[in-house]
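Using the working numbering, the first residue of the sequence shown is number 2, and each one after it goes up by one. Glycine is no exception: its CB is placed at the ideal position from the N, C-alpha and C atoms. Model, not experiment: these values are computed from the prediction.
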Amino acid sequence: MFVDSVELMISSGKGGAGSISFWTEKFVANGGPDGGDGGRGGSIYFKVDNNTDTLSALRGRRSIKAENGRPGEGRKCYGRKGKDTIITVPPGTQVVDMETGEELLDLVTEGEMVLFLEGGKGGLGNMHFKSSSNQRPTYAQPGLPGITKQIRLEMKLIADVGLVGYPNVGKSTLISTLSNARPQVANYEFTTLTPKLGVVLIGEYDSFMMADIPGIIEGASDGRGLGLEFLKHIERTKTLLLLIDAANYREMKYQYETLLVELQRYSETLATRKHAIAITKIDSLTDEEVNRLTEMFLVDIDLEANKTLYKYKADTKYLSYGFEKDFGEKLPEEKPLFVLPISSVAHLNTEALRYALGDFVKNVKEEENEEA
């Protein structure tokens, strides 16, 4: 079962109490205090593991608590330290404080082990409190309490390219064609019920990660459909590929602007991500119809922005889009980097899309490095 959000009460262990003890042995008079210290309580750690892809192991658990430290004993014996608790999570998991809404941890690196809550310190035994004026101390410290936090774990997939589109637009077919992912593919809406990841190979030593989420429909920001629930899984992506269905009863311009509006309503930052457009299912149309629909969809020729795509298919016209404000609100000004008609089933322009996305991702990463 795919679980991407859980709420937990997390507690580190309490420190053990110090011991009140006095040395009593035959032929030893006035042995003195010998109470040992209590052990430290167990700590809570988070560990990132690539072999874990959901939070399902934590589903149904209301609380997780580390072991308490053991109390000290006589003969200056220290109490045993409480066992630490390690919570294993997939890469991309965020730890959020439910009381304040603050993001406490962002766990993205494989093998990373992070101390989250430290166990309480053990109390000192009475052997520490002897003095010339108090040779028989009858006091020892109690252990310090552990720390308790109410948290929410949210898993956000880590990918380079996020696929966004209406249901049944061809996202699952595309990711299965370009990558090693094998999602369910069927001819009905909302086939994809959970996000999917796939690795797209460009060359022998070059690749990028692609994420597919359930389709977005009109009113997704008001809770309709499934897409809004999973939009958090493409929040980390720096590039988006918007899929527009050429065979859909909805006009392509309407599909595109709807997607932009729903992205903007969900997150202003996500709506301004650099993006490209793939017009899908062109295998059901003739070349003339594809070019006609593309020309209707796009205006204002910009050869510089689409120069790379002319190398892939020089006989198709690629133009930049003219925005219209049909939704009563201002759409993002960021224009798509390229527009490419494709057919995942017939493998038309899919290789061109593979390399175009590879260049797209590489350029965005280089821009980020320069800004940093």
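Distance check for residue j and residue i, CA to CA, integer angstroms please.
i, j, result
"Asn370", "Thr238", "15 Å"
"Ile280", "Glu205", "28 Å"
"Met10", "Gly120", "15 Å"
"Asp161", "Gln142", "54 Å"
"Lys27", "Pro34", "16 Å"
"Arg251", "Pro91", "38 Å"
"Leu198", "Glu289", "35 Å"
"Thr89", "Val97", "16 Å"
"Phe47", "Ser57", "16 Å"
"Tyr79", "Lys131", "17 Å"
"Met156", "Met128", "49 Å"
"Gln1", "Val340", "Residue numbering for the chain in the displayed model covers 2 to 373; residue 1 lies beyond these limits and cannot be assessed."
"Leu349", "Ser177", "14 Å"
"Ala187", "Val346", "Note that Ala187 has pLDDT 47, beneath the 50 cutoff, so the model's placement of it is unreliable and the number below is only indicative. Rounded to whole angstroms, Ala187 to Val346 spans 12 Å at the Cα level."
"Lys77", "Gly123", "14 Å"
"Leu261", "Ala272", "6 Å"
"Leu286", "Val109", "43 Å"
"Gly171", "Lys282", "8 Å"
"Val115", "Glu368", "30 Å"
"Asn181", "Thr53", "18 Å"
Helix, strand or coil, according to DSSP, for residue i in the structure here?
i, result
"Asp107", "strand"
"Val162", "strand"
"Gly359", "helix"
"Met99", "coil"
"Ser13", "coil"
"Val346", "coil"
"Ile176", "helix"
"Ser22", "coil"
"Leu386", "In this structure the chain extends from 2 to 373, so residue 386 is not present and cannot be described."
"Ser6", "strand"
"Asn366", "Correcting the residue identity first, residue 366 is Lys in this sequence and not Asn. Helix at Lys366."
"Ala30", "coil"
"Leu116", "strand"
"Asp50", "coil"
"Thr295", "helix"
"Ser57", "helix"
"Ala212", "strand"
"Leu202", "strand"
"Thr287", "coil"
"Ala187", "Model confidence at Ala187 stands at a pLDDT of 47, short of 50, so the residue's coordinates are unreliable; what they give is reported in the following sentence. DSSP places Ala187 in coil when its eight states are reduced to three."
To which residues of the same chain is residue i closer than 6 Å at the C-beta, ignoring the five residues directly before and after it?
i, result
"Glu372", "none"
"Arg274", "Leu241"
"Gly45", "It is Ile, not Gly, that sits at residue 45 in the sequence shown. Here the set comprises Ile11, Ser13, Ala67, Thr86, Phe117 and Leu118."
"Ile148", "Ser13 and Leu118"
"Asn69", "Gly14, Lys15, Gly42 and Gly83"
"Gly163", "Ala212, Ile235, Thr238 and Leu241"
"Ala30", "none"
"Glu74", "Ser20 and Gly37"
"Arg71", "Gly17, Gly40, Gly80 and Arg81"
"Gly126", "Gly19, Ser20, Gly36, Gly37, Asp38, Gly73 and Ala141"
"Leu179", "Val201 and Arg355"
"Glu113", "Val49"
"Ser107", "Per the sequence shown, the amino acid found at residue 107 is Asp instead of Ser. Result list for Asp107: Gln95, in chain order."
"Val1", "This structure leaves residue 1 out entirely; the chain is present only between 2 and 373."
Out of the options, point me to the one whose CA is closest to residue i's CA.
i, options, result
"Pro337", "Ala353, Arg266 and Glu258", "Glu258"
"Thr86", "Ala30, Gly14 and Ser133", "Gly14"
"Leu175", "Asp360, Ile343 and Asp5", "Ile343"
"Trp24", "Ile45, Gly163 and Gln136", "Gln136"
"Glu103", "Arg76, Ile152, Gly126 and Gly112", "Ile152"
"Gly37", "Asn31, Glu100, Ile245 and Ile21", "Ile21"
"Arg62", "Val97, Ile203 and Val7", "Val7"
"Ile159", "Gly17, Leu341 and Lys233", "Lys233"
"Asp5", "Thr55, Ser180 and Thr110", "Thr55"
"Asp284", "Phe298, Ala248 and Arg81", "Ala248"
"Ala18", "Ser134, Glu368, Asp107 and Pro146", "Pro146"
"Phe298", "Met253, Leu261 and Leu271", "Met253"
"Val165", "Asn181, Pro138, Pro215 and Ser134", "Pro215"
"Leu105", "Ser133, Leu154, Ile65 and Ala353", "Leu154"
Once the 5 residues before and after residue i are set aside, which same chain residues still bring their CB inside 7 Å of it?
i, result
"Tyr189", "Residue confidence is low: Tyr189 scores 42 on pLDDT, short of 50, so the model does not pin down where it sits. Its coordinate-derived value is still stated next. Around Tyr189: Asn169."
"Lys363", "none"
"Gln256", "Tyr167, Ile245, Asp246 and Asn249"
"Glu100", "Gln151"
"Asn51", "Pro92 and Glu111"
"Val365", "Lys239, Thr240 and Lys275"
By Cβ distance below 8 Å, which residues in the same chain neighbour residue i in space, the five residues on each side in sequence not counted?
i, result
"Ile203", "Phe209, Arg355, Tyr356 and Gly359"
"Ser268", "Leu232 and Glu236"
"Ala277", "Thr240, Leu241, Leu242, Leu243, Pro337, Leu338, Phe339, Val340, Leu341, Ala357, Leu358 and Phe361"
"Thr351", "Leu175, Thr178, Leu179, Ile343, Ser344 and Ser345"
Does the beta carbon of residue i come closer than 8 Å to any beta carbon on chain C?
i, result
"Phe117", "In the structure shown, chain C does not exist; there is a single protein chain."
Minimum length 3: unbroken beta strand (DSSP E) runs contained in the stretch 239–284: 240–246 and 275–281
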